[in-house]
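Trainee: Residue numbers (my numbering): 6 to 93.
Just so you know, even glycine gets a beta-carbon here, dropped at the ideal spot from N, CA and C.
On a predicted model such as this, the values are computed, not experimentally measured, just so you know.
I'd like to ask you about the structure that follows.
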């Protein structure tokens, strides 16, 4: 895809120079730089393990359901008492 972007003159000159030093066109240099930047933005190193916790969602929901059902039960001695007085 073609697009137009504005690059500050000093950055443009430096980028063009670095691309030439590496035997690349400015387009190749910019594409590579953008790919590297995006790869680093995907997932910070300290977050890499968090994606593995997704498999626990179903189990967490199951456990939370059991907890919710358990707390819906009104103990016989609390029946008839206003909700804010139960358990005290």
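Please state whether the Cβ-Cβ distance between residue 38 and residue 30 is less than 8 Å.
Mentor: The answer is no: Cβ separation not under 8 Å.
Trainee: Round the Cβ separation of residue 17 and residue 27 to the nearest angstrom and send it over; I've been treating them as touching at under 8 Å.
Mentor: In fact, because the Cβ distance is near 16 Å, the residues do not count as touching under 8 Å.
Trainee: What would DSSP say about residue 28, mapped onto helix, strand or coil?
Mentor: Coil at residue 28, not helix or strand.
Trainee: Counting along the chain, where does the alpha helix (DSSP H) carrying residue 85 start and finish?
Mentor: Careful: residue 85 lies outside any alpha helix (DSSP H) and carries neither H nor E.
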